[in-house]
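Residue 686 is where the sequence shown starts when you use my numbering, and the numbers rise one by one after that. In what follows, a structure is listed as structure tokens, so that the remarks can point back to it.
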Amino acid sequence: MVSRDRLRGSRVRSDKRLRRWILRKAGAAGVLVLLIIWSGAVVAAAAPLGTPVLRAPAGEYQELMVPSGMGPIEVQVQWAARGGGSALYVLDGLRAPRDHSQWVSDTDVLRHFAGDDITLVFPVGGHSSFYADWYRPSSTNGQATTYKWETFLTEELPAFLARYGVSRTDNAIVGASMGGGAALTLAAHHRDQFRFAGSFSGFVNPTFPMWNEAVRAAMWDEGRFNVDDMWGPAGDPAWTRHDPTVQAELLRGLPMYISAGNGVPGLPDVPYGAGNTVNAMGLEAMAMTAARIFGDRVASLGIAARVDIGNGTHTWPYWDRAIATARPMILDALGAG
């Protein structure tokens, strides 16, 4: 949740070079060609509902602009290696950048799933959103648009991707930190869409006494967001709805992987420096407590879930390790192994 943002790695994308070449050579005509080829909104609107649109070659990487009630949302995609329809949605943490997913820049997730017949879907943005539908825009930072991330991830984005041949029902969802609890919440309330859910260092019990104030402090620190505009004050039903531990019964029968560290730093923490590491230790201690509470809750209900607690802090290298561990489970749940 507080891990240091890194600059996105230099990825050579031939479509961007071709885009610039067309603009230079064809002027206004080139703009029209680009709209037809690259604008997901234009292409999707032109195609009959349910008709798959030609997409990038199997296994390739692409960036899409997806229309939504919040405005256009960038979505980074690595298409299934053999054209399969299964998809894995991968959610960012609290510091989600506006121009890329940190999963793409800060982990080897693309390489982990290279060759797998599953499309990786990385929504870009969601800074301090908990990937939820908010009551209203944040009143403390001048936010103009109400976050409606649940609507985007479960209605608008699946409908858009369906026109590219991606299934609306054969999906998995995972996330780190803020995205971890959100992944379980979205899966709980949208069982028709998700067949697997994973939380890596997620805060999966936000109604635990006083943890709502920890969420409040974190969101204020990360962008001056007001948690009351998201889920209301403590005790509002929205807090209960977005608490995977409370909603555990809705997850019955869903394959799940929950991981957290014990707050003990290791070699992966060295590049982050002492200050960030101390902060990451404290956050991971909270995530570990939440993971254990969740594990105890599902065990008491007889609900199966894999819960792993190991060494590590609240830092991207450990989440890279977690998604690599989860990979066989994800492929198995989606029948894409």
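All C-beta atoms in this analysis are idealised placements derived from N, C-alpha and C, irrespective of residue type, glycine included. Only a predicted model underlies this, so the values are computations on that prediction, with no experimental measurement involved.
Cβ shell of residue i (< 7 Å), same chain only, five flanking positions each side left out
i, result
"LYS701", "In this predicted model, LYS701 has a pLDDT of only 41, less than 50, meaning its place in the structure is not dependable; the value taken from the coordinates is given anyway. Answer for LYS701: no residue qualifies."
"GLY639", "Residue coverage of the chain in this structure runs from 686 to 1022, which leaves residue 639 outside it and unanswerable."
"GLY908", "HIS812, SER813 and ASN826"
"GLY756", "THR830"
"ARG821", "THR831 and ASP914"
"ASP1017", "none"
"GLY917", "TYR820 and ALA923"
"ALA1009", "HIS797"
CB-CB length for residue i against residue j, believed under 8 Å
i, j, result
"LEU936", "SER771", "The Cβ separation is near 20 Å, so there is no contact."
"ASP818", "GLU835", "4 Å"
"GLU859", "ALA1011", "Looking at the sequence shown, residue 859 is not Glu but Val. Contact holds; Cβ gap of about 6 Å."
"LEU838", "LEU871", "6 Å"
"ALA743", "ARG767", "6 Å"
"LEU662", "ALA882", "Residue 662 lies beyond the range of the chain shown here (686 to 1022); nothing can be said about it."
"ASP793", "ASP1005", "6 Å"
Neighbourhood of residue i by C-beta, 6 Å cutoff - its chain only, sequence neighbours within 5 removed
i, result
"ALA965", "THR998, HIS999 and THR1000"
"ALA1007", "PHE885 and SER944"
"PHE798", "LEU805"
"VAL983", "ALA933 and ALA990"
"ALA919", "ASN897"
Alpha-carbon to alpha-carbon, residue j and residue i
i, j, result
"GLU745", "PRO1013", "21 Å"
"GLN828", "ALA867", "21 Å"
"PRO950", "THR962", "7 Å"
"ASP914", "SER824", "7 Å"
"ALA976", "VAL992", "7 Å"
"ALA972", "ARG876", "24 Å"
"TYR832", "TYR942", "27 Å"
"ALA844", "ARG853", "7 Å"
"PHE879", "ILE1015", "11 Å"
"LEU749", "THR804", "13 Å"
"ALA765", "GLY960", "40 Å"
"ALA933", "PHE979", "8 Å"
"VAL912", "ASP906", "11 Å"
"ALA923", "VAL751", "27 Å"
"ALA857", "PRO1002", "21 Å"
"VAL851", "ASP981", "35 Å"
"MET863", "ALA970", "15 Å"
"VAL889", "GLU898", "15 Å"
"HIS874", "GLY948", "31 Å"
"THR974", "GLY987", "20 Å"
"TYR672", "GLY865", "Outside the shown range of the chain (686 to 1022) lies residue 672, about which nothing can therefore be said."
"ASP791", "ALA861", "12 Å"
"SER753", "PHE910", "21 Å"
"PRO782", "GLY967", "23 Å"
"LEU773", "ASP855", "9 Å"
"SER985", "GLY946", "23 Å"
"SER921", "GLY958", "This sequence places Asp at residue 921; Ser is not what is there. Computed Cα separation, rounded: 38 Å."
"VAL718", "GLY800", "At VAL718, the pLDDT of 30 sits below 50, so the modelled position is not reliable; the number obtained from the coordinates is stated separately. Near 31 Å, if we compare the C-alpha coordinates of GLY800 and VAL718."
"VAL900", "GLY887", "12 Å"
Where the beta strand (DSSP E) containing residue i begins and where it ends
i, result
"ASP993", "991-995"
"MET941", "941-946"
"MET750", "746-751"
"TYR774", "772-776"
"ILE758", "758-763"
"LEU805", "804-808"
Minimum Cβ-Cβ distance from residue i to chain D less than 8 Å
i, result
"LEU939", "As a matter of chain content, chain D is missing from the structure shown, which is built from one protein chain."
First through last residue of the alpha helix (DSSP H) which encompasses residue i
i, result
"LEU871", "863-874"
"PRO1002", "1001-1019"
"SER985", "958-986"
"ALA817", "It is not in any alpha helix (DSSP H) - ALA817 carries neither H nor E in the DSSP assignment."
"PHE888", "Segment: none, PHE888 is in no alpha helix (DSSP H) and carries neither H nor E."
"GLU898", "896-906"
"PRO1024", "Shown here, the chain extends from 686 to 1022; a query on residue 1024 therefore has no answer."
"VAL912", "912-916"
"PRO843", "842-847"
"GLN787", "787-791"
"ARG796", "794-797"
Spatial neighbours of residue i in its chain, beta-carbon cut-off 8 Å, leaving aside the 5 residues before and after
i, result
"SER786", "GLN761, VAL775, ASP777, PHE807, PRO808 and VAL809"
"LEU795", "TYR746, GLN763, VAL789 and LEU805"
For the region 946-954 and the region 994-1002, state whether three or more C-beta atom pairs, one from each stretch, are separated by less than 8 Å.
Touching, yes, given that three or more Cβ pairs across the two stretches are closer than 8 Å.
Quick one: any contact between the region 804-812 and the region 760-770, if contact means 3 or more CB pairs under 8 Å?
The region 804-812 vs the region 760-770: in contact.
Can you find at least 3 beta carbon pairs, one from the region 881-895 and one from the region 919-934, that sit closer than 8 Å?
These segments touch.
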